[in-house]
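Heads up: the sequence shown at position 192 corresponds to 186 in the working numbering, and the numbers run straight through without jumps.
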Amino acid sequence: EEGFMLPEAVRCRIAQTLNLEPRMVTYPRWFDVIVGNPPYTRQEEIPAIGVDKGKLIEDALKLGNRKIADISRRAGIHAYFFVHGTKFLKEGGRFGFIVSNSWLDVDYGKGLQEFFLQNYKIVAIIESKVEPWFKDADINTCIVILEKCSSKKERDNNRVRFVYLKKQLREFVPPAQDIWEKQLERLRVIDALIQTIIAHDRFYENEELRIYPKLQSELWAEGYDAQEGKYAGSKWGKYLRAPQIFFKILEKGKGKLVPLKELAEVRFGIKTGANEFFYLTEEQIKRWGIERRFLKPIIFSLKEVRGYKLNKSSLRKKVIICHKTKNKLKGTNLLKYILWGERRGYNRRPTCAARGDNTWYYLGHNWDYAPLIFPAKIGERMPVFLNYGIFEDKKLYGVTPKRRRDILLIGALLNSTLARFFIEYASRQLTGSQAIADIDVIVVESLLIPHSKNFAQKSRVRLIAAFKKLLKRDALSIFDELGAKSADEVALDKVKPDRRELDKIIMGDILGLTEEEQLEVYRAVVDLVRARLEKAKGVKKGRRKQGFDIQALKAAVIKELEGLEE
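Structure follows, in structure tokens:
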């Protein structure tokens, strides 16, 4: 810029491509609109190619020397596009991005939520129930529309429209065409959709879409932790996907529903850092002759168990649990195996090395089995297993009630259709060939269940008896449990009798839901799981796209440079 006299509203830079001479490019300092579709990847997934990624991200989060956003490194890089783009946007200017929808519900999305709430009027967040929008991308997306606003009063009074589309986007927005009359018609239809969205200040739903308006000040209050004095985040996905019955349950459940963490401890499963060393098949155990006292059964996957109760005989592997030093293991076959593992470098892997040179094979001094095992991912099934003496892998969560007398009671509550209902609206929805929902440990801790104090002794006995009936059979898909493949087919008399008995005690006796309201819960669960399956079919299998191919780009650049040298 030195030597150029430019107006304050204009900037210039020297631009150079591989095939052209350097040239000066001028551009506006401020923009009215920023539109984009940033790559669907995290910064950790981008290999280093001579760029200091840490500094790049640090600079993106700063305006001058002032940090303007606190974004977790686990967030997708689209988060940094929002923050950096803010520096170029006029007051009242608009952002329009299509990004991964994970920030709506995961813990590391709280930084982006806070940034939006403090700098923008959130105009609309739009998600599709029926399609992923990008068939080559194995990820769910949402449209985010923001308006830059420095007035806190205006931001607080703004209504955020959470819009859930029930039909494919092409039914709302016709394809672009060259014919002028068709272009005008397309603009008219788009404008009609916009007017429909902004016209509703209250919940609205028809056969095409659902609109849930929410005051921005309420979103802030919902996510603000007064005790910690900071914004802690909230689950916004429920405002897109949850039906009215969801909020009706919250209303009727006031004073009765509490987060699971108030009644139980929730932990991550075992993270070994080297599963191929720690997890052994029976054949490997016999080949090495490893002493049985150092081995415990472990559940690795939901696929290993058919019912609601863990059965040791169905598990394929055992895990090494040993807290003895190598000196005290002299003469054991386990020591020979540990030394073999060291020769192959397992002890140098980050997770193992963090335990210490001489204790790298320790998996915790006070590790004990959890009475209930909660899945970290769910598809059509979501059994929460009753457990005796079995350890869980990191892909599962251990749940230990604070009172042992509540184990069966909480097991019954977690296996209810109501629990599945809440989980579906709080977890991160994945796409691709694996049509599953990803459950964060915070989601499990925050899962609302009736407080055990609300159960009269008679209801407690009945609920535990109903759960014991479930323990005698296989855990079926939600469609088989409820006897329906679609929401229209749901009927109370089609639900499995033992499941209906358990649900009726919780939803009817404890929460006071009418039979029609209980039916709405069943319909909502079937509808959401079915929608996830159908949405996954829209992703082209075998063509996963999680961002740009940096290695291919690097190879192309090198090839081009070699050609220039010649």
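Note that the Cβ used here is the ideal one computed from N, Cα and C, for glycine as well.
For residue i: DSSP bridge partner residues
i, result
"residue 94", "135"
"residue 206", "156"
"residue 89", "28 and 140"
"residue 22", "4"
"residue 505", "DSSP lists no partner for residue 505."
"residue 379", "367"
"residue 311", "275 and 292"
Contact under 7 Å by Cβ, residue i with residue j
i, j, result
"residue 357", "residue 370", "no"
"residue 140", "residue 114", "yes"
"residue 576", "residue 32", "Residue 576 falls outside the range modelled here, since the chain spans only -5 to 560, and no answer is possible."
"residue 326", "residue 285", "yes"
"residue 107", "residue 152", "no"
"residue 520", "residue 239", "no"
"residue 328", "residue 385", "no"
"residue 237", "residue 302", "no"
"residue 304", "residue 381", "yes"
"residue 313", "residue 292", "yes"
"residue 522", "residue 418", "yes"
"residue 48", "residue 91", "no"
"residue 125", "residue 136", "no"
"residue 158", "residue 104", "no"
"residue 500", "residue 410", "yes"
"residue 154", "residue 208", "yes"
"residue 63", "residue 50", "no"
"residue 248", "residue 444", "no"
"residue 156", "residue 198", "no"
"residue 275", "residue 311", "yes"
"residue 308", "residue 298", "yes"
"residue 446", "residue 487", "no"
Distance, residue j Cα to residue i Cα
i, j, result
"residue 144", "residue 233", "25 Å"
"residue 87", "residue 504", "49 Å"
"residue 68", "residue 530", "24 Å"
"residue 14", "residue 8", "12 Å"
"residue 539", "residue 448", "Below a pLDDT of 50, predicted positions are generally treated as unreliable, and residue 539, at 43, falls in that range; the measurement from the model is reported next regardless. Rounded to the nearest angstrom, the two C-alpha atoms are 49 Å apart."
"residue 128", "residue 162", "12 Å"
"residue 482", "residue 374", "18 Å"
"residue 17", "residue 5", "14 Å"
"residue 476", "residue 485", "8 Å"
"residue 372", "residue 26", "43 Å"
"residue 263", "residue 196", "43 Å"
"residue 231", "residue 119", "10 Å"
"residue 461", "residue 492", "8 Å"
"residue 147", "residue 3", "28 Å"
"residue 235", "residue 278", "47 Å"
"residue 415", "residue 335", "45 Å"
"residue 434", "residue 421", "7 Å"
"residue 174", "residue 133", "35 Å"
"residue 179", "residue 187", "13 Å"
"residue 192", "residue 183", "15 Å"
"residue 479", "residue 524", "8 Å"
"residue 226", "residue 518", "28 Å"
"residue 72", "residue 321", "51 Å"
"residue 537", "residue 112", "Residue confidence for residue 537 is low, a pLDDT of 46 falling below 50, so the modelled location carries little weight; the figure read from the coordinates is stated next. Straight-line Cα distance between these residues: approximately 38 Å."
"residue 339", "residue 78", "42 Å"
Residue closest to residue i, alpha-carbon to alpha-carbon, out of the options
i, options, result
"residue 457", "407, 485 and 155", "407"
"residue 272", "399, 341 and 77", "341"
"residue 35", "89, 93 and 208", "93"
"residue 28", "218, 142, 63 and 388", "142"
"residue 229", "510, 462, 65 and 97", "97"
"residue 65", "52, 245, 59 and 58", "52"
"residue 387", "60, 215, 216 and 362", "362"
"residue 149", "164, 109 and 160", "109"
"residue 296", "379, 58 and 22", "379"
"residue 203", "78, 165 and 338", "165"
"residue 85", "24, 95, 70 and 59", "24"
"residue 562", "432, 111, 11 and 442", "Because the chain is modelled from -5 through 560, residue 562 falls outside the range shown and cannot be assessed."
"residue 259", "11, 77, 404 and 79", "404"
"residue 243", "353, 527, 220 and 413", "413"
"residue 317", "309, 355, 350 and 345", "355"
"residue 528", "70, 61, 57 and 160", "160"
Examine the Cβ distances between the stretch 462 to 471 and the stretch 506 to 514 and report whether three or more of them are shorter than 8 Å.
-> A contact is defined here as three or more CB-CB pairs under 8 Å, and the stretch 462 to 471 fails this definition with respect to the stretch 506 to 514.
For the 8 Å Cβ check, are there 3 or more pairs between the stretch 393 to 403 and the stretch 361 to 381?
-> Counting Cβ pairs under 8 Å, three or more are found: they touch.
contact_flag[the stretch 167 to 175, the stretch 254 to 267] where n(CB pairs < 8 Å) is 3 or more = The stretch 167 to 175 vs the stretch 254 to 267: no contact.
Would you be able to state if there are at least three C-beta pairs under 8 Å between the stretch 239 to 258 and the stretch 436 to 445?
-> These segments touch.
Are the stretch 459 to 468 and the stretch 290 to 302 in contact at 8 Å, needing three or more beta carbon pairs?
-> Result yes; three or more Cβ-Cβ pairs closer than 8 Å.
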